[in-house]
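Student:
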Amino acid sequence: MILYKNSTSRLFIAFLLMTVGITVAQAVPRKMCVFDLLGANGPFFSQMKDYKTAALAWGAELELKPYTSERVAAEDFKAGLCDAVSFTGIRARQFNSFTGSLDAIGAIPTYDHLKSVITSISGEKAAGLMFSDPYEVVAIFPAGAGYMFVNDRTIDTVGELAGKRIAILDSDPAQVEMVNFIGGSPVGTSLANMYSKFNNGSVDVTYGPAIVYEAMELYKGLEPNGGIINFSLVQLTLQILIRKADFPEGYGQKSREFALSQFDSRVELVNKYASTIPAKMWISIPETDTIGYLEVFRQSRIRLRDKGIYNGKMLKLMRMLRCKKDPQQSECTAADKE
Amino acid sequence: MKIKARRKLYHWLMWLILTLFLLYATAMLVINNSGKLLVDFIEEQAVPYVLKTDDVAMGCVMAEALSLSIPSLAQINASPYKLAVIFEFLSGSCAEFKAREEELRYIRALHVKNVTEAQDARILQKRYLNIAAQRQFKGYLNLELAYPGMPGNTCPQFTSWNDEFYWLVGLMDGLLAVLNDLASEGSAKVPLDISLKVGRGAGCLNNTQWWGIPSAIQAAIWVSFPGNKPEGIDPLIVLDQAMQTGLQQGMRIVQVIAAKIYIGLGDVDRVKAIIRENVATKNSLPADLNFLFLDKMATLQLQAISDSMWTEATGKRTPIGGLGTFWDDPDNKTDTVDIFDIL
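For the record, the sequence lines run as chains W and V. Numbering of the first sequence is given in the numbering used here, commencing with residue 1 and proceeding in unit increments. Numbering of the second sequence is given in the numbering used here, commencing with residue 1001 and proceeding in unit increments.
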C-alpha cells in the first residue's frame, strides 16, 4: 500500500513537473531575426509585428530582432542565435531547396499562379516538403514580381540581351548561371549598389520588384530610352523559417494557413507600388518573343535543376500548375519536361 | 427746374459710384494685403513665439485646429505654403503620438497574451500612422509649392533664417511621411523617392547652424536606402558627429533621429545611451531659450521611445522621473549589515 502510495505520489510529482516543464518551455520567448532594409522601421518588420500577434495564439512568444542584412540574418539563424528567421526566398534556398525554388526564373508568370502554388504547398499533405531537418518553412508571403529594367527599349528579345552588362546579385548562383546562359555579361553587385550602378550607367540591365522604381529613383537610369519589360522574371517571396523543435507541435501548419490568408492583401500592397510606374515605362513583349523568353527560361531552370540549384519537385509542381492553367503551352508536351 | 433736379441726381449718383468704387478698391487692397500681412505675421512673429514656449501638446492641438484653414489664405493673395509646412508637421506629430499610444497598448496586450486586444491596437496604430503620413506628405507637397522643382534637385537661394527653417521642417515632413506610410502598409500613397530627395535637400543647409540635423537626416537615408551613400563614408560616424554638434548648442532634436536610426538597426544599448545622454545633459547643456518647444518635443519623443522599451520589458511605461533609467540597470545597493549579527 505504501509502495502504491509512493509510486502514485511520484507519478503525481512527475506529472506536475512535466506540466510545469511544458509551461516553462512554452513561456520562453523565441528569438526571430527579421530582415528588412529599413530595419525595425521598415514594412516587412511591421508585417512581422502582426505575425508575432498571430503566433501568440499558436502558443509561441516571439521576440523580433531587426536585420538590415539578410546574409547576417541567415548566418545568425544557422548559428542558433535566432530560433526563427524571416527573409527572401532566395536566401531561404540554402535551408529548404523546395520553397527556395519558388523564385525560379520565369516559373511563375502571374500572382494567380503564385497563389495556386502557395495554396498547393500550404496544405497538410505538403507538410513533409516544408521540413528539412531541423528547419521548417512556416510562412510564404508574396513580395512582388521581379521585372527587368533596361536602359534601351529595343532590348525586348532574349537574343538582344547577349553582350549586355547585366547586374546580378553575388549571393544568387542562379542569376550567374542564367546571365551566362543568355550570353550576357554578368556584373556582380549587392543590394547596396545594384541600382546605383544602373542609374550611373555601369550596367545596362538590372532587375527588381516594382517598388524599386520609385524607391531607388530608377527612372533616372531609364531615361531617355529605357523601359521595364512587362514580363514576370521571378516571383519574389518573403519566407519564415523556424527551428522546428523549438516551437509547439502544429505551429508550422497554423502559420502556413495564416500566411495564405494574408496572400490577397499582400498582393494588393505590391500592386499599389506597381501602379506608381507610368504606363509609358512598360515595354510589352510581342507574343512571339514571349515564347522565346519562356523557352530560354525553361532551359535555364532545367540546367539549374541539374546543377542542384533548383529543386526538381518544385519545378515539376510549378510546371503542372502552368499547364493546368494553360494546357496549350508548348512546354506541356515537351519531351524534356521539368 | 426738372433739368436741374436731374443734374443733381446724376451728380449724387456719380459721387455714390465713386465712393463705392473707392470703398471696393480699399477693401480689395486691405484684403489682398491682409492675407500677406497675416502670413507674414504668423511666419515672422507667431511661429518664433511658439518656438519659445514649451507646451508641445497645446502646439499640437493648435496645429490640428488650424491646418485645414491655412491653405485658404492663398485665396486672398497670400502664399501660405511655408506655414502649411510647419502646421502639417505639427499636426502629423499629433497623429504620431496617438499611434505611439496604440503601440503601447499593443505591447501591453502581448504582455498579458491578449491576442484580440493586440490585433485591435495594431489596426488603430496603422490608422493613426496613415493620418500622420497624409499630413506630413501634405507638408512636403507645400514645400514643393514654396520651392517649385527644388527639393532633391537644386538648392534654393535662402534669403532669411526663416526660409532655411521651413526648408528643414519640410524635409522632415517628407522623411516622416515615407516612414509612416511604409509602417501603415502604404495606404497614404507617399512616393518613395521623396526619401532620397530629402537626403539631397538636407545638403543645402549648414550642418552646424542647424544643430546637426541635416547630417543626421543624410545618415538616416544612407542607412535605410543603400546605394545612395557616398564612397568612404560611415553613416553612423556622421550621425555621432551630428549628435555632438546638436548637443553643444543645447539642441537635442538630433538625438531623436539618432535614436530612431538605432531602433531600426536593433541596437538597444545605443538607444539607451542616447536617452541617458539626453537626460544627463539637460542641466549641463541647457536648451536654447529661443527653441524650447523643439527641445521639449525631443524629450517627449525620446520618452515615447523609452516607454516602448519599458513596456516591452515590464508591461508598464517609463516610471515618473525615470527617464534615462532602465528596468535592467544594476542596483546601486545600499550598505547593510547582516541582521543576525545583532540577534
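Ideal Cβ positions, reconstructed from N, Cα and C, are used throughout, including at glycine.
I'd like the ranges of any beta strand (DSSP E) spanning at least 3 consecutive residues and lying wholly in the region 1028-1066 of chain V.
Tutor: Here no run is fully enclosed.
Student: Looking at the unbroken alpha helix (DSSP H) that takes in Gly-252(W), where does it start and where does it end?
Tutor: In the first sequence, counting from the first residue as 1, residue 252(W) sits at position 252. Where Gly-252(W) is concerned, the enclosing alpha helix (DSSP H) stretches over 251-261.
Student: Which whole runs of the alpha helix (DSSP H) in the region 33-69 of chain W are 4 residues long or more, in chain order?
Tutor: Counting only runs of 4 or more, we get 43-57.
Student: In terms of residues, what are the limits of the beta strand (DSSP E) holding Tyr-147(W)?
Tutor: Within the first sequence, the letter at position 147 stands for residue 147(W). First-last of the beta strand (DSSP E) with Tyr-147(W): 135-150.
Student: Using DSSP with H/G/I as helix, E/B as strand and the rest coil, what is Asn-1153(V)?
Tutor: The residue you call residue 1153(V) lines up with position 153 of the second sequence. Looking at Asn-1153(V) - three-state DSSP - the assignment turns out to be coil, as it is neither helix nor strand.
Student: Using three-state DSSP, classify Trp-282(W) as helix, strand or coil.
Tutor: Walking along the first sequence from the start, residue 282(W) turns up at place 282. Reduced to three states, the DSSP call for Trp-282(W) is strand.
Student: Thinking C-alpha only, which one of Ser-275(W), Lys-52(W) and Leu-114(W) is nearest Val-85(W)?
Tutor: Position 85 of the first sequence, counted from the first residue, corresponds to residue 85(W). Closest by alpha carbon: Lys-52(W).
Student: For Ala-54(W), decide whether its Cβ has a neighbour in chain V, counting only Cβ atoms nearer than 9 Å.
Tutor: As a position in the first sequence, residue 54(W) is number 54, starting the count at 1. Yes, contact with chain V.
Student: Would you verify that the beta carbon of Tyr-67(W) is, or is not, closer than 9 Å to some beta carbon of chain V?
Tutor: Looking up residue 67(W) in the first sequence gives position 67. So yes, Tyr-67(W) belongs to the interface.
Student: Of all the CB atoms in chain W, is at least one closer than 9 Å to the CB of Ser-1195(V)?
Tutor: Position 195 of the second sequence, counted from the start, is the residue given in the question as residue 1195(V). Chain W, which has a Cβ nearer than 9 Å to the Cβ of Ser-1195(V), makes this yes.
Student: For a contact defined as C-beta to C-beta under 9 Å, what are the partners of Ala-192(W) on chain V?
Tutor: Residue mapping note: residue 192(W) aligns to position 192 of the first sequence, counting from 1. Going along chain V in sequence order, the residues near Ala-192(W) (Cβ under 9 Å) are Pro-1226, Gly-1227 and Lys-1229.
Student: Go to Val-234(W), then tell me how far its beta strand (DSSP E) extends in each direction, as first and last residue.
Tutor: By 1-based counting over the first sequence, the position of residue 234(W) is 234. Per DSSP, Val-234(W) belongs to the beta strand (DSSP E) from 227-243.
Student: I need the straight-line Cα distance from Asp-50(W) to Gln-262(W), nearest angstrom please.
Tutor: Within the first sequence, numbered from 1, the residue matching residue 50(W) stands at position 50. Within the first sequence, numbered from 1, the residue matching residue 262(W) stands at position 262. Roughly 11 Å separates the two Cα atoms.
Student: Assign Leu-1343(V) to one of two classes, buried (16 or more other C-beta atoms within 10 Å of its C-beta) or exposed (fewer than that).
Tutor: Within the second sequence, the letter at position 343 stands for residue 1343(V). Classification of Leu-1343(V): exposed, given that the 10 Å Cβ count is below 16.
Student: Which runs of the alpha helix (DSSP H) spanning at least 4 residues fall entirely within the region 1109-1180 of chain V, listed in chain order?
Tutor: You should have 1115-1146.
Student: Assuming contact is defined by CB atoms lying nearer than 9 Å, are Ala-259(W) and Val-138(W) in contact in what I supplied?
Tutor: In the first sequence, counting from the first residue as 1, residue 259(W) sits at position 259. In the first sequence, counting from the first residue as 1, residue 138(W) sits at position 138. Closer than 9 Å, so yes.
Student: Does Ile-22(W) have its Cβ less than 9 Å from a Cβ in chain V?
Tutor: Within the first sequence, residue 22(W) is the residue found at index 22, counting from 1. Since pLDDT at Ile-22(W) reaches only 45, below the 50 mark, its modelled position is unreliable, and the value read off the structure follows with that caveat. It does not: the Cβ of Ile-22(W) has no partner Cβ on chain V nearer than 9 Å.
Student: Any beta-carbon of chain V closer than 9 Å to the one on Ile-166(W)?
Tutor: In the first sequence, the residue the question calls residue 166(W) occupies position 166. Not one chain V Cβ lies under 9 Å of Ile-166(W).
Student: Assess contact between the region 1108-1116 of chain V and the region 1160-1176 of chain V, defined as three or more Cβ pairs (one per stretch) separated by less than 8 Å. Is contact present?
Tutor: Verdict: no, contact absent.
Student: Would the region 1272-1289 of chain V and the region 1247-1264 of chain V be scored as touching if the rule is three or more Cβ pairs under 8 Å?
Tutor: Segments in contact, yes.
Student: What residue does the beta strand (DSSP E) around Thr-88(W) start on, and which one ends it?
Tutor: Here residue 88(W) is taken as the residue at index 88 of the first sequence, counted from 1. That run of the beta strand (DSSP E) goes 84-88.
Student: So, helix, strand or coil for Met-127(W), using DSSP?
Tutor: Along the first sequence, one-based indexing puts residue 127(W) at 127. A small correction: the amino acid at residue 127(W) is Ala; Met does not occupy that position in the sequence shown. Three-state result, Ala-127(W): helix.
Student: Let's see if you can read the secondary structure: which residues bound the alpha helix (DSSP H) around Ser-196(W)?
Tutor: Taking the first residue of the first sequence as position 1, residue 196(W) is located at position 196. Its alpha helix (DSSP H) spans residues 194-199.
Student: Look at Pro-43(W) and Glu-1185(V) and say whether their C-beta atoms are less than 9 Å apart.
Tutor: What you label residue 43(W) is simply residue 43 of the first sequence in a count that begins at 1. What you label residue 1185(V) is simply residue 185 of the second sequence in a count that begins at 1. Yes, Cβ-Cβ distance for Pro-43(W) and Glu-1185(V) is below 9 Å.
Student: I want to see whether chain V comes within less than 9 Å of Ala-57(W), judged by CB atoms only; does it?
Tutor: Within the first sequence, numbered from 1, the residue matching residue 57(W) stands at position 57. So, interface residue.
Student: Mind pulling the chain V residues with CB within less than 9 Å of Met-216(W)?
Tutor: Counting from one through the first sequence, the residue named residue 216(W) turns up at place 216. What Met-216(W) touches in chain V: Leu-1192, Asp-1193, Leu-1196, Phe-1225, Gly-1227 and Asn-1228.
Student: Opposite Tyr-207(W) in the DSSP bridges: which residues?
Tutor: What you label residue 207(W) is simply residue 207 of the first sequence in a count that begins at 1. DSSP output for Tyr-207(W) lists Met-148(W) as bridge partner(s).
Student: Mind checking who Pro-186(W) pairs with in its DSSP beta bridge?
Tutor: For the purposes of this step, residue 186(W) is taken as the residue at position 186 of the first sequence. Pro-186(W) is bridged to Ile-166(W).
Student: Could you say which of Gln-1119(V), Ala-1220(V) and Pro-1080(V) lies nearest to Leu-1196(V) if we only look at CA atoms?
Tutor: Counting from one through the second sequence, the residue named residue 1196(V) turns up at place 196. Of the candidates Gln-1119(V), Ala-1220(V) and Pro-1080(V), the one whose C-alpha sits nearest the C-alpha of Leu-1196(V) is Ala-1220(V).
Student: Can you say whether Glu-268(W) is buried or exposed, counting buried as having 16 or more other CB atoms within 10 angstroms of its CB?
Tutor: Locating residue 268(W) in the first sequence gives position 268, counting from the first residue. It is exposed - the Cβ of Glu-268(W) has fewer than 16 other Cβ atoms within 10 Å.
Student: Is there contact between the region 124-142 of chain W and the region 235-250 of chain W, where contact requires at least three CB pairs shorter than 8 Å?
Tutor: With a cut-off of 8 Å, the region 235-250 of chain W and the region 124-142 of chain W count as touching, because enough Cβ pairs lie within range.
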